[in-house]
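If you're matching positions, the sequence shown starts at 519 in my numbering and goes up one per residue.
For every residue, glycine included, the Cβ atom is placed at its ideal position computed from N, Cα and C.
Have a look at the structure below, then the notes.
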Amino acid sequence: MADAASSGGIGAAKAQNASQIDPSVLTTAEASATLPQDLHDIEDDPDVDSALGADPESDTTSLASTILRHREEFGRTYHKFRGEDNPYWGPNDEQQNDQLDIGHHMFLLLLKNKLYLAPIDPESCRYVLDLGTGTGIWAIDFADAYPNADVTGVDLSPIQPSWLPPNCHFVIDDITKPWEEPENHFDFIHLRCLYGSVADWPGLYKQAFEHAAPGGWIQSMEIDIQFASDDGTLGPDHTMLQWSDVFFEAGQKMGKTFKVAHNTVAWVEDAGFQDIHSRWFKVPVGRWPKDKSMKELGMWNFHYCFEGCEGWALYLLTKVLGWSIDECRVFVAKFRNALKDNKTHAYYLV
């Protein structure tokens, strides 16, 4: 059996017999690092491109032409994975990928520069799996930090860099389908921010349990996209609340819920994991917090939301909810203006 670090928010759980630990709740986050004065100060990774791996003959780096195809809509690029049997609503272009990497840095700040909270011994983790790896930045960082680990990242889109640590590789596949990886194999399974992309969450965690090694851990980190404030600055008609409601509606309509974070512990437990730990963090949006570390975290979250919101909205609002492209762009502009308003003391939970 496997253990789980599951976040309600952030959580972890184990795959072996162990007594369950009551989830602890954390309502504030501490972070450290230096925020650039300007977003352009964030260095781009020159190694990031749309190829996958250096060896075209390798099973893990050779991609069929059907997988490499993209589709273009709204001036953005989206993946086209084995036709349209399971389309993902987020773009896979450079603009959105930069936003994903901004998010990775934000989460490092949130976790005090840690890649994980699960109580694992990284030196003894032989096989590590990153589900929905995106640009692969978490998998690459883990592989760099722990060269004895064999790290596999799985995603629908081939957007990972070509130059990789020798112990890191990527597989282009759909994690919601039956996995080809061996069962009872992975010492640590990591997933983050997959809300709105999975139709059967219990089934996904069940597969993770089956493929976790005895005593292995899973860590799941999800955002509760419901914006909130503690001082009434987020009124009932506020654009940020409307934003949350629209995504909840879209998720319900397409059968892939955005209401993931609050259900994670139950799903992980039902899958068979034990020794479950759960933590909640408040993540501010913008520079409004007085605390220096929270202000820095909030600024990175501002960039994460500001740069990502158009890509989040375009497909869902037009293709799922039937909005016109003009209506969608107006709503995105309103949301961005709301993000800029430091009089609104908004946050969400992770």
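{"Query": "Ordered along the chain, which non-local residues of its own chain (more than five positions away) have a Cβ less than 6 Å from that of D577?", "Result": "Note that D577 has pLDDT 39, beneath the 50 cutoff, so the model's placement of it is unreliable and the number below is only indicative. Around D577: no qualifying Cβ."}
{"Query": "In chain order, what residues of the same chain have a beta carbon less than 7 Å from the beta carbon of H622, not counting five sequence neighbours either side?", "Result": "I655, W656"}
{"Query": "Over what stretch of residues does the alpha helix (DSSP H) that includes Y723 continue unbroken?", "Result": "719-729"}
{"Query": "Can you give me the Cβ contacts of N666 inside the same chain, cut-off strictly under 6 Å, excluding the 5 residues immediately before and after it?", "Result": "none"}
{"Query": "Does DSSP put P802 in a helix, in a strand, or in coil?", "Result": "strand"}
{"Query": "Nearest by alpha-carbon distance to C643: which of P684, W735, D718 is it?", "Result": "W735"}
{"Query": "With respect to 7 Å, is the separation between the Cβ of E699 and the closest non-hydrogen atom of the ligand NAD below this value?", "Result": "The ligand NAD is absent from the structure shown, which contains no ligands of any kind."}
{"Query": "Is F791 helix, strand or coil by DSSP?", "Result": "coil"}
{"Query": "Go through its chain and collect everything with a Cβ distance to D659's Cβ below 7 Å, but skip five positions before and after it.", "Result": "L633"}
{"Query": "Taking D718 as the reference, which of F704, D692, A730, G529 has the closest Cα?", "Result": "D692"}
{"Query": "So does the segment 740-748 actually touch the segment 705-724, counting three or more Cβ pairs closer than 8 Å?", "Result": "yes"}
{"Query": "Whole alpha helix (DSSP H) runs in the segment 590-672 with 4 or more residues, listed along the chain?", "Result": "612-628, 655-663"}
{"Query": "In angstroms, rounded to a whole number, what distance separates the CA positions of N610 and V672?", "Result": "14 Å"}
{"Query": "Using a Cβ-Cβ cutoff of less than 8 Å, which residues in the same chain neighbour D565 once the five nearest sequence positions on both sides are dropped?", "Result": "Residue confidence for D565 is low, a pLDDT of 35 falling below 50, so the modelled location carries little weight; the figure read from the coordinates is stated next. So the qualifying residues of the chain are P679, S680, W681."}
{"Query": "Roughly how many whole angstroms lie between the Cα atoms of A864 and G804?", "Result": "8 Å"}
{"Query": "Going by beta-carbon coordinates alone, are T751 and F853 separated by less than 8 Å?", "Result": "no"}
{"Query": "Is it the case that the Cβ atoms of G529 and H795 are separated by a distance below 8 Å?", "Result": "yes"}
{"Query": "Judging by CA-CA distance, which residue of Y723, W607, Q760 is the nearest neighbour of V778?", "Result": "Y723"}
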